[in-house]
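Protein chains in written order, with the working numbering: chain A, 1 to 355; chain B, 356 to 933.
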């Protein structure tokens with residue numbers, strides 16, 4: 001049984017459809033990220049799930065019960081959810097323990113149980129020793145932990161996170177994203193996580209919904225988004241890629257004078273013929289000084305630009321006999337000079353046809 | 356999703372009905388109530404003022420004759436010219452006084468900055484009519500202390516400085532109003548990073564050139580904004596022109612309006628006569644807003660904002676001397692002579708043991724028929740008005756900032772509108788709207804309280820609005836998603852967070868209301884005199900010892916509340932720029 005289900009959800013401000021008819025279903029205990037550039041509608045979607053924004057069309061249901069539909073929106077306080085905000089929204093007039101205990105108090109639990117559950121969750125987020133502090137005395141990371149504890153302690157039906165790490169510095173951000181995943185593994189709360197940072201989404205999520213211009217482009221597990229992007233936007237947004245115009249004819253995909261069987265290229269096997277786009281990851285292209293043996297499709301070219309990025313070399317190669325410029329990466333010790341001729345070896349399995 | 360359709364549809368229908376009922380939020384009703392209150396407080400008096408100016412007395416028929424009466428005599432036109440001139444001269448003087456002070460406090464290592472702050476605060480608290488009285492004692496042509504000393508020193512007959520003159524009046528106004536420029540310019544200078552000056556220095560500009568070519572031009576909009584505010588303050592001021600200008604036979608718009616209100620009251624002519632004042636004020640406020648809205652001018656970047664005081668060397672004593680001189684003239688000297696007069700049998704005899712008496716205070720506290728009543732009136736009128744203004748402003752600010760209703764901005768506009776209405780014009784509007792039947796509020800406490808509430812609503816609104824803005828909406832949303840309703844969230848989270856700044860706002864409204872003269876003087880009846888009005892009555896009687904003593908009482912009342920405010924809302928709660 002699915003816990004959270006979104007159908008045809010739309011939010012428009014005037015003619016501007018910021019969320020445009022999206023569908024998404026989360027299984028119980030699943031962690032799904034809404035990933036996209038700023039202004040893509042992901043936060044609006046999250047706020048509709050929370051009940052702060054009314055939809056214009058479509059519905060949201062929780063365990064089969066409709067909680068949001070045009071003109072009929074269950075107010076946020078009746079949804080049994082909890083949320084972590086971009087600003088953390090830790091109340092500065094309450095201590096850490098009071099902040100965390102707020103939701104439990106509203107649920108009218110006995111005082112002793114509140115105390116015990118607050119201390120327990122604070123231990124889980126390693127904040128037990130700071131229970132009596134006021135938020136102004138805490139660092140950003142500590143405030144973040146308080147926000148996590150406050151949201152989890154009520155055992156919400158759904159946990160919503162709105163760019164929770166965007167105000168932290170890089171090291172802390174990395175630490176906290178594992179923390180969030182660890183807490184999810186421990187409590188298995190159905191979670192919707194909004195972020196514009198792909199590595200954040202990849203580290204935390206079971207599945208990622210990539211959003212662009214109010215629509216969901218693709219929903220998949222992180223590694224599938226990378227290896228099997230289905231749209232040009234996803235291919236370009238998740239990792240880096242070469243988007244190559246190609247021709248699909250007679251069961252063969254061809255570009256730059258080489259061709260391969262369409263059945264080998266994911267996404268192209270069932271496509272109609274004509275002009276298509278193929279995404280080729282820089283990491284999937286082999287760079288060689290001499291033409292290597294084997295039957296892989298190959299192209300000759302010349303290094304026209306190079307950048308050393310520390311973990312890899314980033315080469316731009318201009319193919320011979322066509323105006324293709326391809327980006328390919330190589331390990332630090334594999335050095336080619338600009339102007340040097342090279343061979344590029346392609347692996348059709350690692351390509352993807354996108355629309 | 357094949358199993359879903361049947362169940363949710365039923366749930367949606369059920370949930371739909373109950374949710375729809377719940378969605379007629381009380382906030383809609385509140386919005387309507389607030390609109391009604393604001394129309395009553397702001398729009399109706401102003402509209403009535405406009406209508407009355409085109410009406411024939413008694414019949415209510417349309418006429419332009421009021422405007423003819425108001426501007427048909429050269430004396431009346433001269434008054435308008437005088438007002439504008441007075442505004443220009445006062446504002447120029449205030450800028451000259453305040454800008455070096457602001458620069459010194461904000462940017463340099465001038466000593467005794469705290470003292471300069473105290474002077475600015477003192478001038479801010481001192482009501483204009485009291486500093487006018489103080490300056491009469493200091494620079495009256497015959498017996499003013501300065502002129503006596505001058506004659507004694509030089510043997511000349513001519514007085515050094517006659518306060519009963521156009522420039523005298525302008526100086527007294529400037530000495531009282533310069534804190535407004537100071538606050539504007541200092542807060543702008545506080546935002547200029549030292550690197551701006553460093554960049555000029557490295558290219559070869561000295562301290563003086565850097566200030567002249569870089570720092571001051573950067574805060575030019577703030578200087579202009581301060582200039583405009585003082586100009587508007589000066590042309591709308593009643594107390595100083597009445598106390599100094601009337602004896603000196605200098606007629607300005609506000610004193611002329613007062614004469615239209617002498618028996619027989621010609622409110623329709625007064626209304627017509629007040630229109631230019633209203634239009635000039637509204638126009639200038641728009642100009643000022645545009646100036647201040649050019650934020651790109653002052654670099655408001657948070658980063659690279661390291662600020663070091665400029666080392667002035669021996670020059671710092673020159674700058675300090677300027678601050679001290681302004682402070683002496685604006686606060687110390689007038690206060691000192693007032694205090695001396697209040698304890699004197701005859702103020703002209705100066706400091707002497709046999710001149711010392713408590714009779715003036717005794718008379719006011721125990722024998723005078725109106726003094727204690729007026730103190731009590733002032734306190735409770737101001738307290739009720741401050742409470743009402745803050746309460747209305749808070750509700751409006753909340754609704755506007757949280758965008759709870761469509762067209763909420765209309766509420767904010769109405770709440771800010773009195774800002775462009777001079778107090779004296781607003782009083783005439785209230786008189787025209789509510790003095791006569793069916794309301795028949797003339798001479799009641801209600802009309803004064805209503806006028807004070809309306810007049811100071813913008814101060815309360817600016818204060819509440821910034822308090823509400825400082826509370827991130829997510830603070831409330833975090834409470835709601837955890838299960839608390841809107842009102843519960845406001846009570847548990849928002850209210851505790853805005854309490855302190857609201858208290859500061861309440862005290863500011865209370866303090867400015869307690870010294871308000873121009874709005875009160877047109878609306879008081881025999882039993883509803885406030886301290887400021889009674890003080891003006893006493894100044895007409897010419898008994899400066901009792902007058903000074905009453906001024907002392909007024910200052911004591913004000914100081915008590917300023918003290919409470921500093922304790923509860925922070926040392927500079929009155930001088931923060933909203």
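Here a beta-carbon is modelled for each residue, glycine too, at the ideal position from N, C-alpha and C.
query: Helix, strand or coil at residue 11 of chain A according to DSSP, with G and I counted as helix; result: strand
query: Residues bridged to residue 343 of chain A (per DSSP); result: A/288 and A/300
query: Residue burial classification, residue 178 of chain A (beta-carbon count within 10 angstroms, cutoff 16); result: exposed
query: Three-state secondary structure assigned by DSSP to residue 334 of chain A; result: coil
query: Amino acids of chain B, ordered along the chain, whose beta-carbon sits closer than 7 Å to that of residue 16 of chain A; result: Under the 7 Å cutoff, chain B gives no residues; its nearest Cβ is about 17 Å from residue 16 of chain A.
query: Residue-chain proximity (residue 154 of chain A, chain B), Cβ-Cβ < 8 Å; result: yes
query: Chain A residues whose Cβ lies nearer than 7 Å to that of residue 835 of chain B; result: 76 and 77
query: Residues of the segment 99-119 of chain A whose Cβ lies closer than 7 Å to any Cβ of chain B, in chain order; result: 102, 103, 106 and 107
query: Beta-ladder partner(s) of residue 247 of chain A, from DSSP; result: A/254 and A/275
query: C-beta atoms of residue 100 of chain A and residue 73 of chain A nearer than 8 Å; result: no
query: Stretch-stretch touch, CB-based, cutoff 8 Å, three pairs: the segment 710-722 of chain B with the segment 508-518 of chain B; result: no
query: Given residue 492 of chain B as reference, the closest of B/471, B/523, B/474 and B/547 once Cα atoms are compared; result: B/523
query: CA-to-CA distance, residue 183 of chain A to residue 269 of chain A, given in whole angstroms; result: 41 Å
query: Interface partners of residue 83 of chain A on chain B, CB under 8 Å; result: 832, 833 and 836
query: Cut-off 7 Å between Cβ atoms - residues of its own chain near residue 696 of chain B, not counting five sequence neighbours on either side; result: 492, 702, 899, 900 and 903
query: Contact list for residue 87 of chain A against chain B, beta-carbon separation under 7 Å; result: 827 and 829
query: C-beta neighbour in chain A for residue 749 of chain B, strict 8 Å; result: no
query: Outcome for residue 834 of chain B when other beta-carbon atoms lying within 10 angstroms are tallied against a minimum of 16; result: buried
query: Burial state of residue 351 of chain B (16 or more Cβ within 10 Å); result: Any answer about residue 351 of chain B is impossible in this case: the structure gives chain B only from 356 up to 933.
query: Validate contact between the segment 215-230 of chain A and the segment 58-70 of chain A using beta carbons, cut 8 Å, 3 pairs; result: no
query: Under 8 Å by beta carbon: chain A residues contacting residue 693 of chain B; result: Under the 8 Å cutoff, chain A gives no residues; its nearest Cβ is about 44 Å from residue 693 of chain B.
query: Pairwise C-alpha distance: residue 282 of chain A and residue 337 of chain A; result: 18 Å
query: Touching by the beta-carbon criterion (3+ pairs, under 8 Å), the segment 34-41 of chain A and the segment 184-200 of chain A; result: yes
query: Delimiting residues of the alpha helix (DSSP H) encompassing residue 212 of chain A; result: Counting along the chain, residue 212 of chain A falls outside any alpha helix (DSSP H), though it belongs to the beta strand (DSSP E) covering 207-212.
query: DSSP-derived helix/strand/coil call for residue 60 of chain A; result: strand
query: Chain-ordered chain B contacts of residue 170 of chain A [CB-CB under 7 Å]; result: Neighbours of residue 170 of chain A on chain B: none; closest Cβ ~18 Å, over 7 Å.
query: C-beta atoms of residue 878 of chain B and residue 772 of chain B nearer than 8 Å; result: no
query: Beta-carbon proximity check, residue 693 of chain B vs residue 489 of chain B, cutoff 8 Å; result: yes
query: Residue 143 of chain A versus residue 86 of chain A: straight-line alpha-carbon distance, rounded; result: 11 Å
query: Within chain B, partners of residue 50 of chain A - CB distance below 9 Å; result: 832, 835 and 836
query: Beta-carbon proximity check, residue 134 of chain A vs residue 76 of chain A, cutoff 8 Å; result: no
query: Where residue 643 of chain B falls, given that 16 or more other Cβ within 10 Å makes a residue buried; result: buried
query: Those runs of the alpha helix (DSSP H) which lie wholly inside the segment 57-117 of chain A and span at least 4 residues; result: 96-106
query: CA nearest to the CA of residue 828 of chain B, picked from A/90, A/322 and A/15; result: A/90
query: Any 3 or more C-beta pairs closer than 8 Å across the segment 597-608 of chain B and the segment 385-403 of chain B; result: no
query: CB of residue 128 of chain A within 8 Å of CB of residue 167 of chain A, strictly; result: no
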